[in-house]
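The sequence shown runs 909 to 1128 under the numbering used here.
Note that the Cβ used here is the ideal one computed from N, Cα and C, for glycine as well.
This structure is a prediction, so every number in the text was calculated from the model and none was measured.
So the structure is just underneath, and the comments pick up after that.
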Amino acid sequence: MAADLHSLVHLIFISVVALFPVINPVGTAFVVMPYLSQLDSIGKARAVRLITFYAFCVCTVTLLLGHWILSLFGLSIPVVQLAGGIIICRSGWQLLGAGNEPRRESAAGTDTSQLAIEDQLFFPLTFPLTAGAGTVSVLLTLSAHAANADVGAQLLNMGAIEVAVVCMCALVYFFYSNTQRIQRYLGTRGEAIFNRLIAFFIFCVGLQIATTGAKVLFTS
């Protein structure tokens, strides 16, 4: 029982670490901020709630249908683990070697009227800015990594990843709601240092997942 609990906690941890850099609630919050800057407090709170909800839906649907998608394309779990782990490693490596320039286009000059924001809450503010192709790829990889022949264990593993999704959505809500305050305290240099630390952890997580897949492939 203790071993199972430790395994679930470990899965939640690596899921959060894997999802954090692709969702990047800190960095993305600074990109989304210009879209919301001219809204009043009520309008901004509503927009942030909807973005968070949409992001949760995108992540949950991807997680629940991920195994079916793998079956549809005839992909084995170890192959997805290996390929997904390599992609995650590549993402971490690129972040480690990146400069301090922003990774996404600036949203300055965007029409921030209430009507325009309503039309942009899902696209592009939720997808792909908040939960894009990288998030989908990581969730598919995590779903494959958590696969288990035991249905009960499979449900527990999926629940653990869903907990990580909820944690990430909570961070999105927090950072999107407090962007201006965070910008004053964190600063450009602090954001760069924080992102580099996360990049190192994501590289390690990707390497672990890829190694797990490769071990199964080469021993079968």
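field: Close Cβ partners of Val1113 (< 7 Å) along its chain, the five nearest in sequence each way excluded
entry: Correct list, in chain order: Ile922, Val925, Ala926 and Ile996.
- request: Could you have a look at Leu983 and say whether DSSP puts it in helix, strand or coil?
  value: Leu983 sits in coil when the DSSP states are folded into three classes, being neither helix nor strand.
message: Measuring straight from C-alpha to C-alpha, what distance separates Ile931 and Thr1043?
response: Roughly 6 Å between the two C-alpha positions.
message: Using a Cβ-Cβ cutoff of less than 8 Å, which residues in the same chain neighbour Leu1023 once the five nearest sequence positions on both sides are dropped?
response: Same-chain partners within the cutoff: there are none.
message: Please report the distance separating the alpha-carbon of Ala1041 from that of Ser979.
response: Whole-angstrom Cα-Cα distance: 20 Å.
query: Whose CA, out of Val1124, Gly1121, Lys1123 and Arg1104, lies closest to the CA of Leu1003?
result: Nearest C-alpha to Leu1003: Arg1104.
field: First through last residue of the alpha helix (DSSP H) which encompasses Gln946
entry: Gln946: not part of any alpha helix (DSSP H); DSSP gives it neither H nor E.
- prompt: Under three-state DSSP, which class holds Leu1029?
  reply: DSSP places Leu1029 in coil when its eight states are reduced to three.
query: Buried or exposed: which applies to Tyr1093, given that a residue is buried once 16 or more other Cβ atoms fall within 10 Å of its Cβ?
result: Exposed, since its Cβ has fewer than 16 Cβ neighbours within 10 Å.
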